[in-house]
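Number of protein chains: 2
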Amino acid sequence: MDPRVHEHAEILVDWSARVEPGDNVLVSVAEDAHDLAVAVAEALGERGANLVATYDSSELSRAYLRAHDDAFEKNPAHELALIENADVYLRLGGGRNTAASVDVPGERRGAYRRSRTAIREARMNTDWVSTIHPTRSLAQQAGMSYEAYRDFVYKAILRDWESLANEMAQLKTILDKGSEAHIKKTETDLWFDISDRTAVNSAASVDYDSHNLPSGEVFTAPADVEGTVLFDVPMTVDGTRIRDVRLTFESGEVVDYAAEQGEQVIREILETDAGAKRLGELGVGMNRGIDRITDNILFDEKMGETVHLAVGRAYDACLPAGETGNQSAVHTDLITDMSSESTLSVDGEAIQRNGTFRWEDGFDDEL
Amino acid sequence: MDPRVHEHAEILVDWSARVEPGDNVLVSVAEDAHDLAVAVAEALGERGANLVATYDSSELSRAYLRAHDDAFEKNPAHELALIENADVYLRLGGGRNTAASVDVPGERRGAYRRSRTAIREARMNTDWVSTIHPTRSLAQQAGMSYEAYRDFVYKAILRDWESLANEMAQLKTILDKGSEAHIKKTETDLWFDISDRTAVNSAASVDYDSHNLPSGEVFTAPADVEGTVLFDVPMTVDGTRIRDVRLTFESGEVVDYAAEQGEQVIREILETDAGAKRLGELGVGMNRGIDRITDNILFDEKMGETVHLAVGRAYDACLPAGETGNQSAVHTDLITDMSSESTLSVDGEAIQRNGTFRWEDGFDDEL
């Protein structure tokens, strides 16, 4: 086995999930994540944790959902009991076909999702971490050879996370103290009210309220947003390719939108509910191990020298105590490239220019 | 997908497990049982049952067990809660390597097994059924091509079970009424006391106290046994090939044993504990869909025109109310061919001669 699979498993178990002896660990294994699951099982055995593995197959889900009617029992007792008694939930993604369940009707999928609110909440109450094993299917989605894709994935995951956490802490401090953030680049002039917000230093560990491996972003939930933005990083949303999305915000709400490609998908998302037109997240990608777009949001949104904004639901962790953030059934991230002719400022001070942060060599403070 | 996979899934869900709408079903999926799992998921969706799939990988278990020490936590709460809240447990066997975990030390395996008594009992309290998906690994174990092996497996499984159950009921009636069973063939002259015993008509359905698919045997737990027996059907026990085992019983206990091959394994089994030298089961294979030995006890012991005896633990279902059968940590089946120059009799009356039962065409009542 590629020794990097074992390194991945150890980072996942130790740095990300902080597994302790006696922890009840639930490992969800995608169709093609077998090798990573074996390495994770070994790491869990070494640490004296208790292991249950579930099989997370898109083909199995598709068959089940298509055969079922829309009347799903709410939170089946065996699944709920399993998760409520788990301390740690590790999701090992990596299927054989990213389009495996596209022909499940949206209404069926929605009915199933609504029947599982308590199961989802119980999962969020564990020390959960989501990661992926590099598979041929994900390489294909990225438009890469299998070997090159594995190199890419491990470069993103096998990092010195403590060091990146320390670097990201500098941006978190600036955002926490700041009142107004500003992004300026081609066709983009966007102002965010971030007063009283707390940024999350998303360092790929439950100890940092961070639940993705890889991670490497600092994000917050702006109170208000004004201006226009161009998302020039292409991506796939709900199976549809989208490119060059433009949004205009007034008083925090999208008042105009357009896209070179996939405008219909953007329209459907924005019209989901009232909260879907408002901003849920301002995130700054800081993982320089991720140096290209691979059409997988788990990676793309953490890419160094990018910023992403999400319309829809906000994370409560960013809000003042007692305040509820933007509510919505959606949370869709859109990405803009900050590597050239771009500035991110807080309270009038440039924090990042042309992809370089002010604490890095080569930062140019002149406008 | 081979349409027989869907037929298999439907027999498993409907005939074997008797799944009802709203049942909480736990499906254990072996490494290479994916296709059967998809078909089972579809059948469960159609019937409105609730599905959790676990991943039963020998490689994963091996990695976990080898890395762990011998101090396993007893009955981890998440796994126990999952099974205690399940109505139905379907085990879909079919791995990629039947030797995948042979290098887990026996003591480690034993310590793990002893830590899971309550989990095992909870599983036995569900409507559980064990079956296999035909894999290349099992074909190899059987010494068969993949295509021929699949034909073999489906011939054994896709049967008219109701009709076989009715046929087997005739033997059950004879055994239930009878006091003494007798097997006579080459180097075999064995007498069983079966008075007050209740035979199980093992028709591959929980409604018949039968938990294997395929099944197709009638078995009971003799009170006493005297005489000698030759097991001329070769098999693999604990990874070792055994051939031509001979046992001699006096007052129900093995007093002499020998084997042409694998005698050491037989010795270890018989010396496990006091109950390992006594008989736990007399079973009559009646599934004529199984027409050859494939080195898989799930199939071999049900083969038509064979009888199997198990040393070790007896099934309580066969015993008078309140009586406890033979106790042992082992239950090892050994098989003898009854297809020629053999007679099975009950209370002096021939029931089967040269493989043919008395209710079948061609039965010869003359000695």
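The listed protein sequences derive, respectively, from chains A and B. Numbering-wise (the numbering used here), the first sequence opens with residue 1 and increments by one. Numbering-wise (the numbering used here), the second sequence opens with residue 1001 and increments by one. From the three backbone atoms N, C-alpha and C, an ideal C-beta is built for every residue, glycine too.
Taking 9 Å as the cut-off between beta carbons, the residues of the region 1067 to 1092 of chain B near chain A are ALA1067, HIS1068, ASP1069, ALA1071, PHE1072, GLU1073, PRO1076, ALA1077, HIS1078, GLU1079, LEU1080, ALA1081, LEU1082, ILE1083, GLU1084, ASN1085, ALA1086 and ASP1087, in sequence order. Using a C-beta cut-off of 8 Å, the region 88 to 107 of chain A makes no contact with the region 1100 to 1113 of chain B, since fewer than three inter-stretch Cβ pairs fall below that distance.
Here DSSP, grouped into helix, strand and coil, assigns ASN1287/B to strand. Look at ALA17/A: its C-beta is not under 8 Å from any C-beta on chain B. Taking HIS308/A as the centre and dropping the five residues before and after it, the same chain places the C-beta of GLY283, GLU301, ASP333 and ILE335 closer than 6 Å to its C-beta, in chain order. Taking 8 Å as the cut-off, the Cβ atoms of ASN1287/B and PRO1214/B count as close. A residue is called buried once 16 or more other Cβ atoms fall within 10 Å of its Cβ, and VAL1245/B is buried on that count. Between PRO21/A and ARG47/A, the C-beta spacing is below 8 Å. Residue environment: VAL1255/B is assigned as exposed (fewer than 16 neighbouring CB atoms within 10 Å of its CB, all protein chains considered). Cβ neighbours of LEU1190/B within its own chain (closer than 6 Å, five residues either side excluded): ILE1183, GLY1227 and VAL1229. PRO105/A and TYR1112/B have their alpha carbons spaced roughly 44 Å apart.
For LEU51/A, the C-beta contacts it makes with chain B under 7 Å involve TYR1064, in order along the chain. TRP15/A sits close to TRP161/A, with the two beta carbons spaced by under 8 Å. Contact between the region 289 to 300 of chain A and the region 346 to 360 of chain A is not established, with fewer than three Cβ pairs separated by less than 8 Å.
In the three-state reduction of the DSSP assignment, GLU1162/B falls in the helix class, which pools H, G and I. Distance check between LEU1171/B and each of SER1251/B, VAL1200/B, GLU1323/B and PRO1222/B places VAL1200/B closest, using alpha-carbon atoms only. Chain A places a beta carbon closer than 8 Å to that of SER1057/B, counting this residue as a contact.
What THR54/A touches in chain B, judged by beta-carbon distance under 8 Å, is VAL1052, ALA1053, THR1054 and TYR1055, going in chain order. Those residues of the region 32 to 52 of chain A placed with their C-beta closer than 8 Å to a C-beta in chain B are HIS34, ALA37, VAL38, ALA39, ALA41, GLU42, ALA43, LEU44, GLY45, GLU46, GLY48, ASN50, LEU51 and VAL52, ordered along the chain. Residues of the same chain with a CB within less than 7 Å of the CB of ILE1119/B, apart from the 5 flanking positions on each side, are ASN1075, GLU1079, LEU1080 and ILE1083 in chain order.
By the neighbour-count criterion, in which 16 or more other beta carbons inside 10 Å mark a residue as buried, PRO1222/B falls on the buried side. Within the region 1097 to 1130 of chain B, no residue places its CB atom closer than 8 Å to a CB of chain A. For the region 226 to 293 of chain A, the full-length beta strand (DSSP E) segments reaching 3 residues or more read 235 to 237, 240 to 250, 253 to 261 and 279 to 285 along the chain. For GLU349/A, the enclosing beta strand (DSSP E) begins and ends at 349 to 353. In its chain, beyond the 5 residues on either side, GLY312, SER328, ALA329 and VAL330 have a beta carbon closer than 8 Å to the beta carbon of THR272/A. THR1343/B is positioned such that its CB atom lies no closer than 8 Å to that of ARG1358/B. At least 8 Å separates the beta-carbon of ASP1209/B from that of ARG1018/B. DSSP, read as helix, strand or coil, puts TYR1055/B in strand. Interface flag for VAL1005/B against chain A is unset, since no Cβ pair is found closer than 8 Å. The contact set of LEU1012/B on chain A, defined by CB atoms closer than 9 Å, is empty, because the minimum CB distance reaches about 14 Å. Exclusion of the five residues before and after VAL225/A leaves PHE192, PHE249, GLY252 and LEU279 as the residues of its chain whose Cβ lies within less than 6 Å of its Cβ. C-alpha of GLN1261/B to C-alpha of ARG1243/B: approximately 5 Å in a straight line. ARG197/A is classed as buried because its beta carbon has at least 16 other beta carbons within 10 Å across all chains shown. Using a 10 angstroms sphere on the CB of PRO1134/B, the tally of other CB atoms reaches 16 or more, which defines it as buried.
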